[in-house]
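Asker: Protein chains in written order, with the numbering used here: chain U, 19 to 131; chain L, 295 to 404.
#1: Taking only beta-carbon atoms, is residue 75 (chain U) less than 8 Å away from chain L?
#2: Please confirm whether residue 70 (chain U) has its beta-carbon closer than 8 Å to some beta-carbon of chain L.
#3: Note down, in chain order, every chain U residue with its Cβ under 7 Å from the Cβ of residue 384 (chain L).
#4: Under DSSP, the beta strand (DSSP E) around residue 21 (chain U) begins and ends at which residues?
#5: Here's the rule: buried if 16 or more other CB atoms are within 10 angstroms of the residue's CB, otherwise exposed. What is residue 375 (chain L)?
#6: Evaluate residue 29 (chain U) with the Cβ neighbour count: other Cβ atoms within 10 Å of its Cβ, from every protein chain shown; 16 or more gives buried, anything less gives exposed.
#7: Cβ atoms of residue 395 (chain L) and residue 298 (chain L): under 8 Å apart, would you say?
#8: Quick one: residues in its chain with C-beta nearer than 6 Å to the C-beta of residue 78 (chain U), no 5 flanking neighbours on either side, listed in chain order?
#9: Would you identify the three-state DSSP class for residue 356 (chain L), choosing helix, strand or coil?
#10: Spell out whether any CB of chain U is found under 8 Å from the CB atom of residue 326 (chain L).
#11: Does the CB of residue 390 (chain L) have a neighbour CB from chain U at under 8 Å?
#12: Compare the C-alpha of residue 92 (chain U) against each of U:100, U:110 and U:103 and name the closest.
#13: List, in order along the chain, the chain L residues whose C-beta lies closer than 8 Å to that of residue 43 (chain U)?
#14: Looking only at its own chain, which residues have a Cβ that is under 6 Å from the Cβ of residue 34 (chain U), when we skip the five neighbours before and after it?
#15: Are the stretch 378 to 393 of chain L and the stretch 315 to 326 of chain L touching by the rule of at least three beta carbon pairs closer than 8 Å?
#16: In its own chain, which residues sit with a C-beta less than 6 Å from the C-beta of residue 370 (chain L), not counting the 5 before and 5 after it?
#17: Could you tell me whether any Cβ in chain L is nearer than 8 Å to the Cβ of residue 108 (chain U)?
#18: Roughly how many angstroms separate the alpha carbons of residue 398 (chain L) and residue 24 (chain U), rounded to a whole number?
#19: Cβ closer than 9 Å: which chain U residues qualify as neighbours of residue 337 (chain L)?
#20: So who's on the other strand from residue 314 (chain L), going by DSSP bridges?
#21: Taking all protein chains shown into account, do 16 or more other C-beta atoms lie within 10 angstroms of the C-beta of residue 103 (chain U), making it buried, or fewer, making it exposed?
#22: I need the DSSP call for residue 75 (chain U), collapsed to helix, strand or coil.
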């Protein structure tokens with residue numbers, strides 16, 4: 019298993035553009051998490067899904083951010099319009115049933131100019 | 295709301311010296327506590343959890359409910375222990391979200 023897969027690994031865009039980050043969880047895992055990592059705020063949970071249903075989106079910073087999980091093997095995090103303060107590393111993680119352990123993807127480094 | 299505090303952003307020790315990475319939490323219930331580690335150019339991964347009461351790569355961590363702490367310790371640090379360490383808290387039960395501290399960058403010098 020390749021583990022959690024994220025794409026793209028790096029994204030550079032201009033302010034105002036739409037950005038879509040993608041995540042493929044580990045097969046068989048039923049919980050998926052999106053995190054944002056910055057120097058100032060550390061690792062923050064944005065949203066998490068259980069069985070493809072959003073459970074807690076209290077960490078989503080504002081309406082410019084949205085996340086979807088159309089099926090068990092795919093999720094997207096969209097920022098529209100993007101702003102320079104959105105520059106960060108975005109991580110996706112997944113978790114199976116039974117053991118409380120999250121498996122992280124390699125992250126997407128987003129730079130908004 | 296729950297909170298995890300790691301007071302040291304940076305910690306530097308010499309090889310063979312003891313190391314302790316501090317973690318304090320605030321949560322009114324009975325949390326599950328974890329240490330995650332990120333080695334250079336690798337993914338964030340679980341190091342250990344308090345429920346397991348295990349030692350991984352020589353590291354141990356004891357949950358002290360009185361002091362609300364979960365410090366990570368190793369008696370003799372190795373160069374390969376150099377990494378970013380994150381303490382994390384889960385409310386447990388059916389709530390799967392993790393609250394992370396801001397992390398401590400450990401450097402073990404030769």
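Don't be surprised by glycine CBs; every beta carbon is placed ideally from N, CA and C.
Answerer: In brief:
#1: Taking a beta-carbon distance threshold of 8 Å, residue 75 (chain U) does not count as an interface residue toward chain L.
#2: No, its Cβ sits nowhere closer than 8 Å to a Cβ of chain L.
#3: Among the residues of chain U, those whose CB is under 7 Å from the CB of residue 384 (chain L) are 118, following chain order.
#4: Following the DSSP letters along the chain, one finds residue 21 (chain U) in no beta strand (DSSP E), marked with neither H nor E.
#5: The residue in question, residue 375 (chain L), is buried, as its Cβ has 16 or more Cβ neighbours within 10 Å.
#6: When all chains shown are included, residue 29 (chain U) counts as buried.
#7: Closer than 8 Å, so yes.
#8: Excluding positions up to five away in sequence, the list reads 64 and 65.
#9: Judged by DSSP in its simplified three-state form, residue 356 (chain L) adopts coil rather than helix or strand.
#10: Answer yes: the Cβ-Cβ gap between residue 326 (chain L) and chain U drops below 8 Å somewhere.
#11: For residue 390 (chain L), the nearest beta carbon of chain U is closer than 8 Å to its own beta carbon.
#12: The option with the nearest alpha carbon to residue 92 (chain U) is U:110.
#13: Those do not exist, as residue 43 (chain U) stays about 13 Å from chain L at its closest Cβ, beyond 8 Å.
#14: Around residue 34 (chain U): 99.
#15: Using a C-beta cut-off of 8 Å, the stretch 378 to 393 of chain L makes contact with the stretch 315 to 326 of chain L, since at least three inter-stretch Cβ pairs fall below that distance.
#16: Contacts found: 310.
#17: The beta carbon of residue 108 (chain U) does not come within 8 Å of any beta carbon belonging to chain L, so the residue lies off that interface.
#18: If I take the Cα positions, the gap works out to 25 Å.
#19: Near residue 337 (chain L) (Cβ distances below 9 Å), the residues of chain U are 21, 22, 109, 121, 122, 123, 124 and 125.
#20: Beta bridge pairing from DSSP links residue 314 (chain L) with L:367.
#21: In summary, residue 103 (chain U) is exposed, with fewer than 16 beta-carbon neighbours lying within 10 Å of its beta-carbon over all protein chains present.
#22: Looking at residue 75 (chain U) - three-state DSSP - the assignment turns out to be coil, as it is neither helix nor strand.
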